[in-house]
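*Asks:* Residue numbers for the sequence shown follow our numbering, beginning at 4 and rising by one.
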Amino acid sequence: MKLDFIPLDKLVVSKANMRYGKKAPDVSDILPTVRSRGVIQPVIVRPNCAPDGYEIVAGSRRFHAARIVADERRAGGDADPDAAMLPCAILDDGDDADAIEASMIENMARLDPDEVTQWENFTRLVREGRKVEDIAATFGLPDLTIRRVLALGNLLPRIRDLYRKEQIDRATVRHLTLASKSQQKAWLALAEDEDSYVPTGHQLKAWLFGGQSIPVKHALFDVEASGLATIADLFGDDRYFADADAFWTAQNEAIEARRAAYVEQGWADAIIVPPSDHFSTWEYEKAGKRKGGRVYIDLRASGEVTIHEGYVSRKEAARLAKAESSENGGVTGHKPARPEVTSTMQTYVDLHRHAAVRAALTGHPAIALRLMVAHAIGGSHLWTVKAEPQSTRNDEVRDSLDNSKAEADFDERRRAVLAVLGFSAEEPTVTGGNGDDYGIVGIFQRLLDLPDTVVMDVLVIVMGETLASGSAAVEAVGMEIGVDMARCWQADDAFFELIRDREVLIRIVAEVAGETVASANAGEKTKTLKRIVRDHLDGTGGRDRRENWVPRWMTFPPAAYTARGGVGTVAAHAKAQAAREIERRSPSDDEPDPSAPGAAMTLPDPDDESGADRLAA
């Protein structure tokens with residue numbers, strides 16, 4: 004390679020150049036520098052068939068910027084001959100692959116090309132005989148990166164063009180690589196129809212797989228030997244089973260084989276936990292084979308299987324410990340030592356200590372608060388606390404909740420509380436026996452080290468987890484706080500799918516689009532009515548956008564659309580409102596108003612005999 008200055012009129016952009024095209028490239032970022040300093044770094048050229056001509060392999064943007072500056076100076080009367088010369092590094096007249104590589108190395112080190120442009124040039128290198136490994140080594144990129152870019156060649160040109168123009172995102176393109184050509188065409192048809200819903204992102208994967216996608220990595224059986232059809236992510240990251248039913252047939256056989264193998268190994272039993280249930284480690288204790296430990300095979304609807312070896316329930320663990328203690332006593336032949344106190348004396352001591360502690364606790368509300376939170380988290384034989392399961396059999400409803408802003412915000416706060424309490428970030432809830440070996444005491448000790456503000460943060464999450472869905476309590480809290488549903492909810496596919504009542508749907512159209520539109524479309528199909536609502540909420544189809552709409556059922560306070568009743572939310576709100584009205588009634592003339600200013604609750608002094616009598620009464 005040699006260096007020389009070549010006149011601009013002797014240069015053309017080579018077709019091997021990465022940025023070759025009819026449209027001139029954007030040079031706005033380098034033009035000021037070229038105006039003030041000229042082109043400092045040589046462009047890479049090679050001779051072409053024109054007399055004394057050269058074609059630019061790398062440096063198209065510098066060439067176009069230099070031409071603009073030369074034209075500006077000529078128009079201004081400055082005929083500086085140096086402005087019409089460009090510093091060039093001249094390649095030997097070699098093959099196209101060398102020229103393409105030189106162009107890509109130059110350009111990728113400066114202005115990053117889009118992935119479609121990379122695909123076009125990597126494909127040209129492959130056609131010139133370069134292997135993926137060679138391309139990766141040349142550009143210092145992993146093989147997988149090159150294969151991902153080359154995978155774009157399996158997409159329809161129209162989809163690649165949309166990706167180049169950033170009209171679809173990377174997640175959507177990645178899932179489209181899983182689609183057959185016919186599925187790609189069907190997706191494009193939806194994308195080009197303004198009245199159709201176009202699945203994108205994770206929703207696109209559900210659309211491609213008919214609602215369920217099971218990764219190959221979850222299979223317990225030999226996938227290749229099974230002969231089951233799989234669909235590979237052409238980016239090289241994931242593979243999925245084409246037939247979910249066939250997967251579960253093979254997976255269940257493998258699970259049963261695992262179960263039988265564990266029993267043969269000497270475990271007391273191997274229990275399969277179906278996807279509808281969940282194995283909670285805090286409800287069990289570790290136990291080896293010799294102590295009757297079982298194996299629990301925990302299944303998930305995604306196909307994932309988690310195996311927990313050596314567990315028994317807490318009750319069984321206590322029974323085994325008692326039996327072992329009795330057995331050891333029989334083996335040694337020694338009579339158990341007589342306890343220092345009788346059982347009745349122990350009861351006497353316990354009751355008096357309990358009385359003293361709870362009397363003293365009345366003067367320490369901060370301690371009582373922490374103890375109460377510990378009980379709400381860990382439970383006891385006097386406390387039964389359950390987390391709201393948020394159960395539903397409808398997958399669309401479950402996905403809608405999981406993807407909601409409110410659920411994401413609560414989960415973020417929950418994870419922070421789990422971290423503060425020293426629990427695993429993988430625990431699904433704070434409530435429900437997440438304590439260590441010391442149970443309530445361990446949680447209580449942690450809470451003692453926390454300031455009041457943090458304890459209140461913990462209490463908020465515990466209360467949120469144990470607040471019953473659909474209860475009057477939800478309505479009471481929502482009204483008291485003033486919850487604005489529009490800030491954390493918007494109509495999604497699951498919502499529209501669940502609207503089946505035509506009368507209700509017409510009232511929703513009237514609410515969103517106005518009475519005139521509702522009356523004009525009263526005879527239309529429900530599909531058309533739903534589309535009208537969607538268009539107004541999205542501001543598409545030439546309709547005015549309706550901001551922050553929430554259906555009457557979900558507002559605080561809620562309301563019904565018809566006089567037929569049957570709205571559980573409205574009924575729950577009525578209960579909460581009734582309780583609210585009772586508490587706000589004016590007190591009778593002969594009873595003091597406990598809520599009046601200056602009113603306070605005074606407990607009798609236990610040391611005062613008359614006061615003690617009143618307290619007992």
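A virtual CB, placed ideally from N, CA and C, is assigned to each residue, including glycine.
Counting beta carbon pairs with one atom in the stretch 151-169 and one in the stretch 119-126, are three or more of them shorter than 8 Å?
*Replies:* yes
*Asks:* Check each candidate in Asp74, Pro392 and Ile484 and name the one with the smallest Cα separation from Ala471.
*Replies:* Walking along the sequence shown from the start, residue 471 turns up at place 468. Per the Cα distances, Pro392.
*Asks:* Let me check understanding here. Comparing Cα to Cα, which of Gly306, Ala257, Ala582 and Ile274 lies closest to Asp225?
*Replies:* Counting from one through the sequence shown, the residue named residue 225 turns up at place 222. Taking the Cα of Asp225 as reference, the smallest distance to any Cα among Gly306, Ala257, Ala582 and Ile274 is reached at Ala257.
*Asks:* Considering Thr309, what are the terminal residues of the beta strand (DSSP E) in which it resides?
*Replies:* As a working mapping, residue 309 is identified with position 306 in the sequence shown. From DSSP, the beta strand (DSSP E) with Thr309 extends over Val308 to Ser316.
*Asks:* Could you spell out the range, first to last residue, of the alpha helix (DSSP H) harbouring Leu462?
*Replies:* Residue numbering aside, residue 462 sits at position 459 when the sequence shown is read from its first letter. Note, Leu462: alpha helix (DSSP H), Asp455 to Glu468.
*Asks:* Among residues of its own chain, excluding the 5 on either side of Lys5, which ones have a beta-carbon nearer than 8 Å to its beta-carbon?
*Replies:* Sequence index remark: in the sequence shown, residue 5 carries index 2 (1-based). Closer than 8 Å at Cβ, skipping near neighbours: Ala92 and Ile93.
*Asks:* Kindly indicate which three-state DSSP category Lys289 falls into: helix, strand or coil?
*Replies:* By 1-based counting over the sequence shown, the position of residue 289 is 286. In the structure shown, the three-state DSSP call for Lys289 is strand.
*Asks:* Among the candidates Phe426, Phe499 and Met482, whose CA atom is the shortest distance from the CA of Ile403?
*Replies:* Translated into the one-based positions of the sequence shown, residue 403 becomes position 400. Here the sequence assigns Ser to residue 403, which means Ile is not the residue at that position. Minimum Cα distance to Ser403 is reached at Phe499.
*Asks:* Going by CA-CA distance only, name the one from Glu286, Tyr299 and Ala260 that's closest to Pro277.
*Replies:* Start at 1 with the first residue of the sequence shown, and residue 277 comes out as number 274. Nearest of Glu286, Tyr299 and Ala260 to Pro277, Cα basis: Tyr299.
*Asks:* Identify which residue in Ser316, Asp280 and Val308 has its Cα closest to the Cα of Gly296.
*Replies:* Along the sequence shown, one-based indexing puts residue 296 at 293. Per the Cα distances, Ser316.
*Asks:* In whole angstroms, what is the alpha-carbon distance linking Arg429 and Asp248?
*Replies:* Within the sequence shown, residue 429 is the residue found at index 426, counting from 1. Within the sequence shown, residue 248 is the residue found at index 245, counting from 1. A small fix is needed here, since residue 429 is Glu in this sequence, not Arg. About 29 Å.
*Asks:* Tell me where the beta strand (DSSP E) around Lys5 begins and ends.
*Replies:* Within the sequence shown, residue 5 is the residue found at index 2, counting from 1. Lys5 to Pro10 is the span of the beta strand (DSSP E), which, as asked, contains Lys5.
*Asks:* What does the alpha-carbon distance come out to for the pair Thr350 and Gly473?
*Replies:* Numbered from 1 along the sequence shown, position 347 holds the residue referred to as residue 350. Numbered from 1 along the sequence shown, position 470 holds the residue referred to as residue 473. Approximately 43 Å between the Cα atoms of the pair.
*Asks:* What's the call for Phe8, buried or exposed, on a 16-neighbour Cβ count within 10 Å?
*Replies:* As a working note, residue 8 is residue 5 in the sequence shown. Burial call: exposed.
*Asks:* To the nearest angstrom, report how far apart Gly601 and Arg505 are at their CA atoms.
*Replies:* Against the sequence shown, residue 601 aligns to sequence position 598. Against the sequence shown, residue 505 aligns to sequence position 502. Residue placement at Gly601 is flagged as unreliable, the pLDDT there being 44, under the threshold of 50; the coordinate-derived value follows with that caveat. Distance between the alpha carbons of Gly601 and Arg505 is about 56 Å.
*Asks:* Tell me whether Val42 sits in a helix, a strand or coil according to DSSP, three-state version.
*Replies:* Translated into the one-based positions of the sequence shown, residue 42 becomes position 39. It is coil, neither helix nor strand.
*Asks:* Using CA atoms only, rank isn't needed, just tell me which of Gly569, Glu550 and Thr543 is closest to Thr198.
*Replies:* Within the sequence shown, the letter at position 195 stands for residue 198. According to the sequence displayed, residue 198 carries Asp and not Thr. Nearest C-alpha to Asp198: Thr543.
*Asks:* Is the separation between the beta-carbon of His539 and that of Pro560 shorter than 8 Å?
*Replies:* The residue labelled residue 539 in the question sits at position 536 within the sequence shown. The residue labelled residue 560 in the question sits at position 557 within the sequence shown. Cβ distance not < 8 Å, so His539 and Pro560 don't count as in contact.
*Asks:* Might you give, ordered along the chain, the residues of its own chain that have their beta carbon closer than 7 Å to the beta carbon of Ala194, omitting 5 neighbours on each side?
*Replies:* Sequence index remark: in the sequence shown, residue 194 carries index 191 (1-based). Taken in chain order, the residues that qualify are Val201.
*Asks:* Are there 16 or more other CB atoms within 10 angstroms of the CB of Pro2, so buried, or fewer, so exposed?
*Replies:* The chain is shown only over 4 to 620; residue 2 falls outside these bounds and no answer can be derived.
*Asks:* Going by Cα to Cα distance, which pick from Asp272, Ala516, Leu374 and Lys389 is closest to Asp452?
*Replies:* For the purposes of this step, residue 452 is taken as the residue at position 449 of the sequence shown. Each of Asp272, Ala516, Leu374 and Lys389 was checked against the Cα of Asp452, and the nearest Cα belongs to Leu374.
*Asks:* Let me confirm a value: Lys18 is counted as buried when at least 16 other C-beta atoms fall within 10 Å, else exposed. Which label applies?
*Replies:* Indexing the sequence shown from 1 puts residue 18 at position 15. With fewer than 16 other Cβ atoms within 10 Å, it is exposed.
*Asks:* For the beta strand (DSSP E) containing Pro561, list its first residue and its last residue.
*Replies:* Working through the sequence shown from its first residue, we reach residue 561 at position 558. Where Pro561 is concerned, there is no enclosing beta strand (DSSP E), given that its DSSP letter is neither H nor E.
*Asks:* Note the first and the last residue of the continuous alpha helix (DSSP H) segment covering Tyr166.
*Replies:* On the sequence shown, residue 166 is found 163 positions in, with the first residue counted as 1. That run of the alpha helix (DSSP H) goes Pro160 to Arg167.
*Asks:* Using beta-carbon positions only, say whether Val60 and Arg49 come within less than 8 Å of one another.
*Replies:* On the sequence shown, position 57 is the one that residue 60 refers to. On the sequence shown, position 46 is the one that residue 49 refers to. For Val60 and Arg49, yes; Cβs fall inside 8 Å.
*Asks:* Just to confirm my understanding: we take Asp98, look at its own chain, exclude 5 residues before and 5 after, and list those with CB closer than 6 Å. What are they?
*Replies:* For the purposes of this step, residue 98 is identified with residue 95 of the sequence shown, where counting begins at 1. Residue confidence for Asp98 is low, a pLDDT of 49 falling below 50, so the modelled location carries little weight and cannot support an answer.
*Asks:* What would DSSP say about Pro597, mapped onto helix, strand or coil?
*Replies:* For this step, residue 597 is matched to residue 594 along the sequence shown. Annotation note: pLDDT 49 at Pro597 (below 50); position unreliable, coordinate value reported separately. In this structure, Pro597 counts as coil in the three-state DSSP scheme.
*Asks:* So what does DSSP say about Leu179, is it helix, strand or coil?
*Replies:* For this step, residue 179 is matched to residue 176 along the sequence shown. Helix.
*Asks:* Along the chain, where does the beta strand (DSSP E) that runs through Pro90 open and close?
*Replies:* Residue numbering aside, residue 90 sits at position 87 when the sequence shown is read from its first letter. Membership of Pro90 in the beta strand (DSSP E) is indicated by the continuous run Met88 to Ile93.
*Asks:* Could you compute how far the alpha carbon of Ala422 sits from the alpha carbon of Ala390?
*Replies:* Reading the sequence shown from its first residue, position 419 is the one you call residue 422. Reading the sequence shown from its first residue, position 387 is the one you call residue 390. Cα-Cα distance, rounded: 19 Å.
*Asks:* In this structure, what does DSSP give as the bridge partners for Ile59?
*Replies:* Numbered from its first residue, the sequence shown carries residue 59 at position 56. Per DSSP, Val16 and Val48.
*Asks:* Just the C-alpha distance for Arg40 and Arg167, rounded to the nearest angstrom, thanks.
*Replies:* Mapped onto the sequence shown, residue 40 falls at position 37. Mapped onto the sequence shown, residue 167 falls at position 164. Distance between the alpha carbons of Arg40 and Arg167 is about 33 Å.
*Asks:* Report the option in Gly269, Ala263, Gly568 and Arg293 whose CA atom is closest to the CA atom of Ile275.
*Replies:* Taking the first residue of the sequence shown as 1, we reach residue 275 at position 272. Closest by alpha carbon: Ala263.
*Asks:* Could you name the residues that DSSP lists as bridge partners for Ile585?
*Replies:* The count along the sequence shown starts at 1 and reaches residue 585 at position 582. In DSSP, Ile585 forms no bridge with anything.
*Asks:* Could you tell me how far apart the beta carbons of Pro28 and Arg64 are, in whole angstroms, since I believe they sit closer than 8 Å?
*Replies:* By one-based count along the sequence shown, residue 28 stands at place 25. By one-based count along the sequence shown, residue 64 stands at place 61. The Cβ separation is near 5 Å, so the contact holds.
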